[in-house]
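Enquirer: According to the working numbering, the stretch in the sequence shown is residues 555 to 790, in order.
Idealized CB from N, CA, C, for every residue including glycine.
I am attaching a structure below and will ask some questions about it afterwards.
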Amino acid sequence: MTFTTKLEIFEGPLDLLLHLIKINEVEISDIPIATITDQYLEYLDLMKALDINIAGDFLVMASTLMHIKSKMLLPKQEDDLAEIEDPREEIVRSLTEYMQLKDAANELASRDILYRDVFKRGIEMKGGGEDITTTKVTLYDLMDDFKKVIRKKHPDIVLKFNAESWSIKKKMIEIIRILNEKKNLLLGDLFSTMESVSEMIATFLALLELIRTGFVNVFQGRESSDIMLEAINEKT
């Protein structure tokens with residue numbers, strides 16, 4: 555039986571684009587559309603390999619990006635350059651408006667008026683006497699780290715998940731057991747003893763479900779890019 559996680563619970567296509575813009579360290583107003591499009595499609599391929607349901611708006615955005623990319627590759631006549639609208643203009647406008655909405659929502663959240671994120675921020679790490687300020691981790695941050703773990707062990711592997719080989723529920727129980735013992739765990743360490751790609755994918759899917767249902771916190775310290783995991787023993 556196939557296990558699926560609805561991606562809509564986490565993020566949308568504009569969030570993915572903003573994530574790609576961030577990791578490429580470029581301005582929204584000057585998006586390298588060919589690079590961003592290729593990376594966006596890579597993410598969709600990874601989502602399919604992970605058996606994550608992809609909402610229709612992700613596919614619409616993929617089509618839009620490919621259309622813009624093709625338009626920008628077309629040769630332009632010198633006389634027409636001043637009259638041609640930048641094909642990226644509409645998507646830049648959408649991203650700018652979306653960022654403004656997110657900023658406004660974050661401002662409300664900081665005043666305890668709105669709190670909607672599945673992934674917690676400002677987590678107090680266990681096991682130390684000093685509070686550590688943390689920052690939000692998105693699904694795409696998790697996927698980035700997971701890709702690095704996979705590529706480190708299997709540089710040339712084509713991701714494919716054999717759903718019948720591994721029980722997602724058993725993996726969820728295993729993760730909780732590990733986190734209850736370790737308190738805090740680096741994301742990469744969760745996969746350190748695994749060689750099977752299917753087992754790694756099953757474990758990642760189990761982790762996503764535990765995060766979605768509120769049994770695991772995932773966070774980064776501001777002083778480190780390492781993603782940490784922590785079990786939530788009591789729901790608040």
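1. Three-state secondary structure (DSSP) at Phe-773?
2. Can you find the residues in the same chain that come closer than 7 Å, C-beta to C-beta, to Leu-598, ignoring five residues on each side of it along the sequence?
3. Specify, as a first and last residue, the run of the beta strand (DSSP E) that Asn-738 falls within.
4. What are the boundary residues of the beta strand (DSSP E) that Ile-781 is part of?
5. Using only the alpha-carbon positions, how far apart do Leu-733 and Lys-702 sit?
6. Which term fits Gln-654, buried or exposed, when burial requires 16 or more other beta carbons within 10 angstroms of its beta carbon?
7. Please list, in chain order, all residues of the same chain as Ile-577 whose beta carbon is under 8 Å from its beta carbon, the five residues on each side excluded.
8. Would you kindly work out how many angstroms separate the C-alpha atoms of Glu-784 and Lys-602, rounded to a whole number?
9. Based on Cα-Cα distance, which residue from Ile-786, Leu-572 and Ile-781 lies nearest to Phe-769?
10. So what does DSSP say about Asn-578, is it helix, strand or coil?
11. Is the beta carbon of Val-646 sitting closer than 8 Å to the one on Ile-575?
12. Enumerate in chain order the residues of its own chain whose CB-to-CB distance from Gly-681 is below 6 Å, with the five nearest sequence positions on each side excluded.
13. Which same chain residues end up closer than 6 Å to Gly-742 when comparing Cβ atoms and leaving out the 5 residues on each side of it in sequence?
14. Considering Cα atoms alone, identify which of Glu-749, Tyr-652 and Lys-625 is closest to Glu-639.
15. Classify Arg-731: buried if its beta carbon has 16 or more other beta carbons within 10 angstroms, exposed otherwise.
16. Should Lys-723 go down as buried or exposed, given a rule of 16 or more other Cβ atoms within 10 Å for buried?
Expert: In brief:
1. The sequence position of residue 773 within the sequence shown is 219, counting from 1. Correct three-state label for Phe-773: strand.
2. What you label residue 598 is simply residue 44 of the sequence shown in a count that begins at 1. Here the set comprises Ile-608, Phe-612 and Ala-616.
3. Stepping through the sequence shown from its first residue, residue 738 is reached at position 184. Note, Asn-738: beta strand (DSSP E), 738-740.
4. As a working mapping, residue 781 is identified with position 227 in the sequence shown. Under the DSSP assignment, Ile-781 falls in the beta strand (DSSP E) whose first and last residues are 781-785.
5. By 1-based counting over the sequence shown, the position of residue 733 is 179. By 1-based counting over the sequence shown, the position of residue 702 is 148. Across the structure, Leu-733 and Lys-702 are spaced so that their CA atoms are roughly 21 Å apart.
6. As a first step, residue 654 is located in the sequence shown; it is residue number 100 there, counting from the start. Flag for Gln-654 reads exposed.
7. As a first step, residue 577 is located in the sequence shown; it is residue number 23 there, counting from the start. Excluding residues up to 5 positions away in sequence, Asp-698 lie with their Cβ nearer than 8 Å to the Cβ of Ile-577 in the same chain.
8. Indexing the sequence shown from 1 puts residue 784 at position 230. Indexing the sequence shown from 1 puts residue 602 at position 48. If I take the Cα positions, the gap works out to 27 Å.
9. Position 215 of the sequence shown, counted from the first residue, corresponds to residue 769. The residue among Ile-786, Leu-572 and Ile-781 with its C-alpha nearest the C-alpha of Phe-769 is Ile-786.
10. As a working mapping, residue 578 is identified with position 24 in the sequence shown. Residue state, collapsed to three classes: coil.
11. Sequence index remark: in the sequence shown, residue 646 carries index 92 (1-based). Sequence index remark: in the sequence shown, residue 575 carries index 21 (1-based). Judged by their CB atoms, Val-646 and Ile-575 are not nearer to each other than the 8 Å cut-off.
12. In the sequence shown, the residue the question calls residue 681 occupies position 127. The predicted model places Gly-681 with a pLDDT of 47, which falls under 50 and marks its position as unreliable, so this point remains unresolved.
13. As a working mapping, residue 742 is identified with position 188 in the sequence shown. Closer than 6 Å at Cβ, skipping near neighbours: Val-703.
14. Walking along the sequence shown from the start, residue 639 turns up at place 85. Of all alpha-carbon atoms in Glu-749, Tyr-652 and Lys-625, the one lying nearest the alpha-carbon of Glu-639 is that of Lys-625.
15. For the purposes of this step, residue 731 is taken as residue 177 along the sequence shown, with counting starting at 1. Arg-731 is exposed by the Cβ-count criterion.
16. Residue mapping note: residue 723 aligns to position 169 of the sequence shown, counting from 1. Under this definition Lys-723 is an exposed residue.
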